[in-house]
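*Asks:* This structure is in structure tokens; I'll ask about it shortly.
Numbering (the working numbering), first residue to last: 3 to 500.
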């Protein structure tokens, strides 16, 4: 059996182990170790790699951001921020038809901005919002579906642990990924609110009404969420403005949420110890999956499966958007069966090389040169430039033609094809990462195995799962329409990067 065949056969073996309920990290590690052993014919390299890979993986400074963000989420859960967010949103939206459900989505978006975990956002906000939804006459299926969908905002609105993992795997800038996720995250929240508005008009009996809250109480409720705005602004704003690195920003956020939890009286010594233990448990789980993925992806690299897959896709002659659509469809299907972190770690090393060789046409060299030329000419005509040269440059800019070497020398600019290719590669990587994150997020609420659905349903045993399934399809439809929008208009995702 050739190396390539060995790599291909490892996929059904891995999926079999996963469907047999083996932990995903263990399944990937076993496939990686067995694959190396069979490929090289000796356990010596495997044993040496077990030592070196473990150290090289966990000594990465980039990974240190994960436990800090997880601790920040633990403190945020304890600090009462979730209740303050829901009360503020409910006071402004609750009197509308479907308003309490909209408030739940808004509160999930706000909490996701300081939590970074979908499952934690769904579980925390359910404890706060589910009783209020039931008290105001909202049906069980609609309530649980709303909170399951709102919980997915935790991994999209920055900061996000999954985005950090993606950035490490693809060697992208974490701050730029956070920036790119912001507009799609806001669109998700708006899309869910529109979905709620349509749903309650289609099924009026699914939502009750409540009296409007006086404006004075609304303002006071809004003031109570200042800790959330402070932490989010300090962490995300500080990272974007260059005050500190993403890891330092996570530390500032963890310290801030911890201090707020302490001042609110919710952080006793016992609770603090439990937060540290829970953070350690979650970190260990994530790191073990990362280690297993490192072994398995190293084995795939040895067998040349990603490279051969890239070459095969290029030779097929499919359009870049067709290839992207097929990959997103794969994520949509398998996202229903696996958790988001496992999907990212397992598939990105395979699919990312394929997307990297595709030309989506985001960057045009002539446009880049024209922008640089206009910037120079706006400051004044360079000394020594002849009128003839100026006219030829203006003609090239007007005609969308690439500048010649002599024209660029006259302007003293250096905009090369290599620069354009690097920018194109970065933009494609960021755009693809946000799309993958959204589609994986859809899997969390897609029947029959969406993880968020089971978490919410476990907190409301009175609601049959089928009622939740029927209501959540409306939110899945909203997500799919959003993915189509972001695929057709990449500038929405890349807006802040231009």
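Backbone N, C-alpha and C fix where the C-beta goes; we use that ideal spot for every residue, glycine too.
Is DSSP giving residue 416 helix, strand or coil here?
*Replies:* Here residue 416 refers to the residue found at position 414 of the chain shown. Here residue 416 sits in coil by DSSP.
*Asks:* Within the continuous alpha helix (DSSP H) that includes residue 476, where are the two ends?
*Replies:* Along the chain shown, read from residue 1 onward, the residue named residue 476 stands at position 474. Run containing residue 476: 467 to 490, per the alpha helix (DSSP H) assignment.
*Asks:* State buried or exposed for residue 297, treating a residue as buried only when at least 16 other CB atoms are found within 10 Å of its CB.
*Replies:* Counting from 1 along the chain shown, the entry for residue 297 is found at position 295. Result: buried.
*Asks:* Assuming residue 497 and residue 185 form a contact by the criterion Cβ under 8 angstroms, report the distance between their Cβ atoms to the nearest whole angstrom.
*Replies:* Taking the first residue of the chain shown as position 1, residue 497 is located at position 495. Taking the first residue of the chain shown as position 1, residue 185 is located at position 183. Correct: roughly 6 angstroms between the Cβ atoms.
*Asks:* Evaluate the contact criterion for the stretch 270 to 278 versus the stretch 320 to 327: three or more CB pairs, one atom per stretch, below 8 angstroms.
*Replies:* No, because fewer than three Cβ pairs between the stretch 270 to 278 and the stretch 320 to 327 fall closer than 8 angstroms, the two stretches do not touch.
*Asks:* At what residues does the alpha helix (DSSP H) containing residue 498 begin and finish?
*Replies:* In the chain shown, the residue the question calls residue 498 occupies position 496. Taken as a continuous stretch (DSSP letters only), residue 498 belongs to no alpha helix (DSSP H), as it is neither H nor E.
*Asks:* Around the Cβ of residue 225, are there at least 16 other Cβ atoms within 10 angstroms (buried) or fewer (exposed)?
*Replies:* Mapped onto the chain shown, residue 225 falls at position 223. Per the 10 Å Cβ criterion, exposed.
*Asks:* Enumerate in chain order the residues of its own chain whose CB-to-CB distance from residue 233 is below 7 angstroms, with the five nearest sequence positions on each side excluded.
*Replies:* One-based indexing of the chain shown puts residue 233 at position 231. The residues are 116, 255, 258 and 259.
*Asks:* Whole alpha helix (DSSP H) runs in the stretch 99 to 162 with 4 or more residues, listed along the chain?
*Replies:* Those alpha helix (DSSP H) runs which fall completely within the stretch 99 to 162 and span 4+ residues are 101 to 117, 120 to 137 and 142 to 153.
*Asks:* Would you mind sorting residue 333 into buried or exposed? The rule is 16 or more other CB atoms within 10 Å of its CB.
*Replies:* The sequence position of residue 333 within the chain shown is 331, counting from 1. Classification for residue 333: buried.
*Asks:* Examine the Cβ distances between the stretch 463 to 481 and the stretch 353 to 372 and report whether three or more of them are shorter than 8 angstroms.
*Replies:* Judged by Cβ distances under 8 angstroms, the stretch 463 to 481 makes no contact with the stretch 353 to 372, as fewer than three pairs qualify.
*Asks:* Can you tell me whether DSSP reads residue 97 as helix, strand or coil?
*Replies:* The count along the chain shown starts at 1 and reaches residue 97 at position 95. Here residue 97 sits in coil by DSSP.
*Asks:* Does the distance from the C-beta atom of residue 123 to that of residue 101 stay below 8 angstroms?
*Replies:* Position 121 of the chain shown holds residue 123. Position 99 of the chain shown holds residue 101. No, the pair does not count as a contact, with Cβ atoms beyond the cut-off.
*Asks:* Given 8 angstroms as the limit, is there contact between the stretch 481 to 491 and the stretch 437 to 446, that is, 3 or more CB pairs closer than that?
*Replies:* Flag = yes, the stretch 481 to 491 and the stretch 437 to 446 touch.
*Asks:* I think residue 308 touches residue 352, with their Cβ atoms under 8 angstroms apart; what is that distance to the nearest whole Å?
*Replies:* On the chain shown, position 306 is the one that residue 308 refers to. On the chain shown, position 350 is the one that residue 352 refers to. With a Cβ gap of about 5 angstroms, residue 308 and residue 352 count as contacting.
*Asks:* With C-beta atoms as the reference, is residue 227 less than 8 angstroms away from residue 103?
*Replies:* Here the question's residue 227 lines up with position 225 in the chain shown. Here the question's residue 103 lines up with position 101 in the chain shown. Contact flag unset, no.
*Asks:* For residue 293 and residue 299, I'd like the C-alpha separation in whole angstroms.
*Replies:* Here residue 293 refers to the residue found at position 291 of the chain shown. Here residue 299 refers to the residue found at position 297 of the chain shown. Approximately 10 angstroms, taken between the alpha carbons.
*Asks:* Put residue 205 into one of helix, strand or coil per three-state DSSP.
*Replies:* Taking the chain shown and counting its residues from 1, the one referred to as residue 205 is at position 203. Three-state DSSP puts residue 205 in coil, outside helix and strand.
*Asks:* Determine the burial state of residue 418: buried for a count of at least 16 other Cβ atoms within 10 Å of its Cβ, exposed for fewer.
*Replies:* Translated into positions along the chain shown, residue 418 becomes position 416. Exposed is the call here.
*Asks:* Distance, Cα to Cα, residue 107 vs residue 420?
*Replies:* As a position in the chain shown, residue 107 is number 105, starting the count at 1. As a position in the chain shown, residue 420 is number 418, starting the count at 1. Between residue 107 and residue 420, the C-alpha separation is close to 44 angstroms.
*Asks:* State whether the stretch 75 to 93 contacts the stretch 303 to 321, with contact taken as three or more CB pairs (one from each stretch) at a distance under 8 angstroms.
*Replies:* Verdict: no, contact absent.
*Asks:* Just reading off the alpha helix (DSSP H) that residue 309 is part of, what are its end residues?
*Replies:* Working through the chain shown from its first residue, we reach residue 309 at position 307. 307 to 318 is the extent of the alpha helix (DSSP H) around residue 309.
*Asks:* Applying the criterion that 16 or more other CB atoms from any shown protein chain within 10 Å of the CB defines a buried residue, is residue 75 buried or exposed?
*Replies:* The sequence position of residue 75 within the chain shown is 73, counting from 1. Counting Cβ neighbours within 10 Å, residue 75 comes out buried, since at least 16 surround it.
*Asks:* Beta-carbon within less than 7 angstroms of residue 60's beta-carbon, same chain only, minus the 5 sequence neighbours each way: which residues are those?
*Replies:* To locate residue 60, count along the chain shown from 1; it is residue 58. Only 289 meet the Cβ criterion.
*Asks:* Using 8 angstroms as the threshold, is the C-beta distance between residue 448 and residue 146 below it?
*Replies:* Start at 1 with the first residue of the chain shown, and residue 448 comes out as number 446. Start at 1 with the first residue of the chain shown, and residue 146 comes out as number 144. In this structure, residue 146 does not lie closer than 8 angstroms to residue 448 by Cβ.
*Asks:* Quick check on residue 33: does DSSP put it in helix, strand or coil?
*Replies:* Start at 1 with the first residue of the chain shown, and residue 33 comes out as number 31. Residue state, collapsed to three classes: helix.
*Asks:* If you draw a straight line from the C-alpha of residue 445 to the C-alpha of residue 362, how long is it?
*Replies:* Here residue 445 refers to the residue found at position 443 when the chain shown is read from its first residue. Here residue 362 refers to the residue found at position 360 when the chain shown is read from its first residue. Using only the alpha carbons, I get a separation of about 26 angstroms.
*Asks:* Which whole-angstrom value is the C-beta distance of residue 212 and residue 97, which I expect to be below 8 angstroms?
*Replies:* Taking the chain shown and counting its residues from 1, the one referred to as residue 212 is at position 210. Taking the chain shown and counting its residues from 1, the one referred to as residue 97 is at position 95. Right, their Cβ atoms sit about 6 angstroms apart.
*Asks:* Does residue 246 come out as helix, strand or coil in the three-state DSSP assignment?
*Replies:* The count along the chain shown starts at 1 and reaches residue 246 at position 244. Note: residue 246 maps to coil in three-state DSSP.
*Asks:* Since residue 8 contacts residue 40 with CB under 8 angstroms, what's their CB separation in whole angstroms?
*Replies:* Within the chain shown, the letter at position 6 stands for residue 8. Within the chain shown, the letter at position 38 stands for residue 40. Indeed they touch by this definition, with Cβ atoms about 6 angstroms apart.
*Asks:* Are three or more beta carbon pairs between the stretch 427 to 435 and the stretch 167 to 180 nearer than 8 angstroms?
*Replies:* Cβ pair count under 8 angstroms is three or more, so yes.
*Asks:* Please work out which residues of its chain come closer than 7 angstroms, Cβ to Cβ, to residue 131, disregarding the five sequence neighbours upstream and downstream, and give them in chain order.
*Replies:* For this step, residue 131 is matched to residue 129 along the chain shown. The residues are 88, 106, 109 and 149.
*Asks:* To which residues of the same chain is residue 172 closer than 8 angstroms at the C-beta, ignoring the five residues directly before and after it?
*Replies:* The residue labelled residue 172 in the question sits at position 170 within the chain shown. Same-chain partners within the cutoff: 350, 354, 431 and 435.
*Asks:* Could you tell me how far apart the beta carbons of residue 30 and residue 16 are, in whole angstroms, since I believe they sit closer than 8 angstroms?
*Replies:* Numbered from 1 along the chain shown, position 28 holds the residue referred to as residue 30. Numbered from 1 along the chain shown, position 14 holds the residue referred to as residue 16. Confirmed, about 7 angstroms.
*Asks:* With 16 other CB atoms within 10 Å as the buried threshold, where does residue 161 fall?
*Replies:* As a working mapping, residue 161 is identified with position 159 in the chain shown. It counts as buried.
*Asks:* Going by C-alpha to C-alpha distance, which of 206, 85, 452 and 33 sits closest to residue 12?
*Replies:* In the chain shown, counting from the first residue as 1, residue 12 sits at position 10. Checked all of 206, 85, 452 and 33; the closest Cα to residue 12 is 33.
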